[in-house]
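Asker: Dropping the structure in here first, questions after.
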Amino acid sequence: MSEGYSILVDTSKCTACRGCQIACKQWNGLPGTKTKNEGTHQNPMDLSFETYKIVRFAEGAQPDGKLYWNFFSEQCRHCLNPGCMAEAEKDEIIQNKETGAVLFTPKTKTLNFQSAREGCPYDIPRQDPKTKEMFKCTMCFDRITNNMKPACVKSCPTGAMIFDERDKILAAAKVRVDELKKSNPKAQAINADDVRVIYIVTDDPKKYWEFAAGR
Ligand code: SF4
Ligand code: SF4
85 MSEGYSILVD TSKCTACRGC QIACKQWNGL PGTKTKNEGT HQNPMDLSFE
135 TYKIVRFAEG AQPDGKLYWN FFSEQCRHCL NPGCMAEAEK DEIIQNKETG
185 AVLFTPKTKT LNFQSAREGC PYDIPRQDPK TKEMFKCTMC FDRITNNMKP
235 ACVKSCPTGA MIFDERDKIL AAAKVRVDEL KKSNPKAQAI NADDVRVIYI
285 VTDDPKKYWE FAAGR
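Structural data, given as structure tokens:
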């Protein structure tokens, strides 16, 4: 399935204000999380069953010794072929045809959580320890089926996130990557053919993901 919608996250425009993180909590009625300073601006340190979006902060040194500090607004990628669904039998996890959103339902409490989490290449699914139900980003299904943008996209003050029909997002990603490549030869749209939440990065994707705080 390749119709439906997509979100483009241009990390080169992200200032790590975390407006998207707060907007996700507010729209979804999720509680704040009690945290402590772990020596990074990343807060909380990971996704959870009540945190569907976090801005990851990754830092390290380039081969020439210069430091990098990258921001990555993490959420479910709404994969075209979702690995998290591998062991779902009926409607524990639904891939909505019109939008492409991958939705966890209350029936996820009957699934093997570890299998679902390990099936996800991006380590996204989380489980409520009490009810055993699984949770993650919904692509703001209730908003996008009522002609509104996802809350995180709407809240972004720099235009780092856009939401649109998938073909338009793929075209926008190509234009932006071509533009960025003039000064950043490593610019790319990560796994654009496989996911609906497409991230543009200007360096090795590992420098946004593997070396993020808490990993
Ligand atoms: S990112 Fe993970 S949880 Fe989200 S649809 Fe893909 S496999 Fe499922
Ligand atoms: S699309 Fe909605 S549910 Fe998903 S991260 Fe953004 S605000 Fe949260």
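First residue of the sequence shown? That's 85 in the numbering used here, and the numbers climb one at a time after it.
Where is the CB? At the ideal position from N, CA and C, for every residue including glycine.
(1) Quick one: does the C-beta of threonine 95 sit closer than 7 Å to a heavy atom of ligand 2?
(2) Measure how close the beta-carbons of isoleucine 178 and threonine 192 come, nearest whole angstrom, since I'm counting them as under 8 Å.
(3) Classify serine 267 as buried or exposed, calling it buried when 16 or more other Cβ atoms lie within 10 Å of its own Cβ.
(4) Taking 7 Å as the cut-off, is the beta-carbon of glycine 167 closer than that to any non-hydrogen atom of ligand 1?
(5) Quick check: the Cα distance between phenylalanine 247 and glutamate 87, rounded to an integer number of angstroms?
(6) Report whether the distance from the Cβ of isoleucine 178 to the nearest heavy atom of ligand 1 is below 7 Å.
(7) Report the residue ranges of all alpha helix (DSSP H) runs contained in full by the segment 164-242; include only those spanning at least 4 residues, in chain order.
(8) So threonine 119 packs on serine 132, CB below 8 Å; how close in whole Å?
(9) Do leucine 187 and methionine 218 have their beta-carbon atoms positioned less than 8 Å apart in this structure?
(10) Just tell me which of Thr95, Glu158, Gln146 and Met129 has its CA closest to the CA of cysteine 221.
(11) Please output, in chain order, the residues near ligand 2 using a CB cut-off of less than 6 Å to any non-hydrogen atom of the ligand.
(12) For arginine 339, I'd like the list of residues in its chain whose CB is within less than 8 Å of its CB, leaving aside the five on either flank, ordered along the chain.
(13) Does the Cβ of lysine 137 have 16 or more other Cβ atoms within 10 Å, making it buried, or fewer, making it exposed?
(14) Am I right that valine 261 and isoleucine 284 are in contact with their C-beta atoms under 8 Å? What's the rounded C-beta distance?
(15) Based on the DSSP output, what are the partners of tryptophan 153 in its beta bridges?
(16) For the segment 162-174 against the segment 200-212, are there 3 or more C-beta pairs whose distance is under 8 Å?
(17) Using DSSP's beta-bridge definition, name the partner residues of tyrosine 89.
(18) By a C-beta neighbour count over all protein chains shown, 10 Å radius and 16 as the cutoff for buried, is glycine 243 buried or exposed?
Answerer: Quick answer:
(1) Here residue 95 refers to the residue found at position 11 when the sequence shown is read from its first residue. False, no ligand heavy atom lies under 7 Å from that Cβ.
(2) Locating residue 178 in the sequence shown gives position 94, counting from the first residue. Locating residue 192 in the sequence shown gives position 108, counting from the first residue. No, isoleucine 178 and threonine 192 are not in contact; Cβ-Cβ is about 10 Å, not under 8 Å.
(3) Looking up residue 267 in the sequence shown gives position 183. Answer is exposed; the Cβ neighbour count stays below 16.
(4) The count along the sequence shown starts at 1 and reaches residue 167 at position 83. Result yes, Cβ under 7 Å from ligand 1.
(5) For this step, residue 247 is matched to residue 163 along the sequence shown. For this step, residue 87 is matched to residue 3 along the sequence shown. Roughly 13 Å separates the two Cα atoms.
(6) Translated into positions along the sequence shown, residue 178 becomes position 94. Remark: the C-beta of isoleucine 178 is outside contact range of ligand 1, defined as less than 7 Å to any heavy atom.
(7) 197-203, 225-228 and 235-239
(8) Taking the first residue of the sequence shown as 1, we reach residue 119 at position 35. Taking the first residue of the sequence shown as 1, we reach residue 132 at position 48. With 8 Å as the limit, threonine 119 and serine 132 do not qualify as a contact, their Cβ atoms being about 11 Å apart.
(9) Walking along the sequence shown from the start, residue 218 turns up at place 134. Walking along the sequence shown from the start, residue 187 turns up at place 103. Taking 8 Å as the Cβ cut-off, methionine 218 and leucine 187 do not qualify as a contacting pair.
(10) Here residue 221 refers to the residue found at position 137 of the sequence shown. That would be Glu158, whose Cα lies nearest to the Cα of cysteine 221.
(11) Ala107, Cys108, Trp111, Asn112, Tyr136, Lys137, Gln159, Cys221, Thr222, Met223, Cys224, Pro234, Ala235 and Cys236
(12) There is simply no residue 339 to check, as the chain begins at 85 and stops at 299 in what is shown.
(13) Here residue 137 corresponds to residue number 53 of the sequence shown, with the count starting at 1. It counts as buried.
(14) Indexing the sequence shown from 1 puts residue 261 at position 177. Indexing the sequence shown from 1 puts residue 284 at position 200. About 6 Å separates the two Cβ atoms, so the contact holds.
(15) Along the sequence shown, read from residue 1 onward, the residue named residue 153 stands at position 69. In the DSSP output, where bridge partners are listed per residue, tryptophan 153 has Glu143.
(16) yes
(17) Position 5 of the sequence shown, counting from 1, holds the residue named residue 89. Answer by DSSP bridge pairing, in chain order: Glu249.
(18) Taking the sequence shown and counting its residues from 1, one reaches residue 243 at position 159. Result: exposed.
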